[in-house]
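Asks: Mind having a look at this structure? Questions to follow.
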Amino acid sequence: IGEGERDEAPMLYIGEKVGGAPGKGPKIDIALDPLEGTTITAKAGPNALAVLAAAEGGCLLNAPDVYMDKLAVGPGYPAGVISLEKTPTENVASVAKAKGVKPNEIIVCVLDRPRHADLIAELRAIGCGIQLIPDGDVAGVIAVTNPETTIDVYMGSGGAPEGVLAAAALRCVGGQFQGRLLFRNDDERARARKWGIEDLNKIYELEELAKGDCIFAATGVTDGSLLHGVKRLRDGRMTTESVVMRASTGTVRWVKGEHRK
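Quick note, our numbering runs 795 ahead of the 1-based positions in the sequence shown.
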């Protein structure tokens, strides 16, 4: 699962087969975004990442490159606390009740896009806090798992491949996620059916997007809430910070690297 089609790149197309010849090794699914946040990077903004998720063959949703409506909370909440079948107001009230606070004490992360104008207006009417981000909804979803960000809920639409990547991360560290594919035209619906999506209105739960023993890895490109970005030191060395997570063990490893060539 990649973004070659969207970015008009020569590779990383959805369904593309890579690696050794068949039978030479285990079959795995890979989802990746070599630069999650191109606009962020160009403007030196926060939370640009290079991201990859991997799982056993058939365990990552074969998501077409369309939009996905996304809803996420971090770990520690009762099952079913959020639902795409509820309104934003109902979801905020549900999370607030589970957390033991008032709805206006909940902070919701939303991509700053014109398509989210109604969502943002509804959240402002509730009086809850809103964290608008310019790009990078993978980092936005993961932020709900980090108490230091103070973000409680992620809401809104973004790319479906990024939804699979974010779901893989939540499988590793906990939380709840729902996604529903959004289609703008018949061409996008046809592409979804081509990749095996039959129910175009289905709401996907976390383990339907990323199941089995998932691995999630990310390296910071610019500084953000999850990782520090790439730095060039005076002596010419480059430093990076990465995170590697595994669902089966719940292990999270932080990796700091120095690159001399």
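Where a beta carbon is used, it is the ideal one built from N, C-alpha and C, also for glycine.
From a predicted model like this one, the values you see are computed outputs, not experimental measurements.
1. Suppose you measure from the CA of P870 to the CA of V968; what does that come to, to the nearest Å?
2. My parser needs the beta strand (DSSP E) runs of 3 or more residues fully inside the stretch 893-937; what are they?
3. Determine the closest residue to Q973 out of L866, L1021, L830, with distance taken between C-alpha atoms.
4. Once DSSP output is grouped into helix, strand and coil, what is the label at K1006?
5. Got a sec, what are the start and stop residues for the beta strand (DSSP E) I825 sits in?
6. Which runs of the beta strand (DSSP E) at least 3 residues long sit entirely within the stretch 977-1030? Give them in chain order.
7. For A843, tell me which candidate among A1013, R910, G1031, G924 has the shortest Cα-Cα distance.
8. State the start and end residues of the unbroken alpha helix (DSSP H) segment that holds L965.
9. Would you call G820 buried or exposed, if buried means 16 or more other Cβ atoms sit within 10 Å of its Cβ?
10. Please report how far the alpha carbon of F1011 lies from the alpha carbon of A963, in whole angstroms.
11. If we count the other Cβ atoms within 10 Å of its Cβ and call it buried at 16 or more, is S952 buried or exposed?
12. Helix, strand or coil: how does DSSP classify T944 here?
13. If the criterion is Cβ atoms closer than 8 angstroms, does the pair G797 and L827 meet it?
14. With a threshold of 8 angstroms on Cβ separation, who are the neighbours of E943 within its own chain once the five nearest residues in sequence on each side are excluded?
15. Go ahead and label P859 buried or exposed: buried means 16 or more other beta carbons lie within 10 angstroms of its beta carbon, across all protein chains shown.
16. Using 10 angstroms around the beta-carbon of T882, count the other beta-carbons present and answer buried if the total reaches 16, otherwise exposed.
17. Answer yes or no: do G958 and N857 have a C-beta to C-beta separation smaller than 8 angstroms?
18. Count the C-beta pairs between the stretch 893-904 and the stretch 918-930 that are closer than 8 angstroms, then say yes if the count reaches three, no if not.
19. Could you spell out where the beta strand (DSSP E) holding S1037 opens and where it closes?
20. Let me know if A839 comes out buried or exposed under the rule of 16 or more other beta-carbons within 10 Å of its beta-carbon.
21. Pull up the distance between the alpha-carbon of L1001 and that of L965, whole angstroms please.
22. Using alpha carbons as the reference points, say which of E900, R975, Y862, H1054 lies closest to R1029.
23. Determine, using beta carbons only, whether A955 and V936 come nearer to each other than 8 angstroms.
24. Quick one: give me the first and last residue of the beta strand (DSSP E) that V1047 is part of.
25. Inspect the beta-carbon positions of E917 and T945 and report whether they are closer than 8 angstroms.
26. Mark S1043 as exposed unless 16 or more other C-beta atoms lie within 10 angstroms of its C-beta, in which case mark it buried.
Replies: According to the structure data:
1. 8 angstroms
2. 902-906, 924-928
3. L866
4. coil
5. 823-831
6. 998-1000, 1010-1015
7. A1013
8. 955-968
9. exposed
10. 6 angstroms
11. buried
12. helix
13. yes
14. S1020
15. buried
16. exposed
17. no
18. yes
19. 1033-1041
20. exposed
21. 8 angstroms
22. H1054
23. no
24. 1046-1054
25. no
26. exposed
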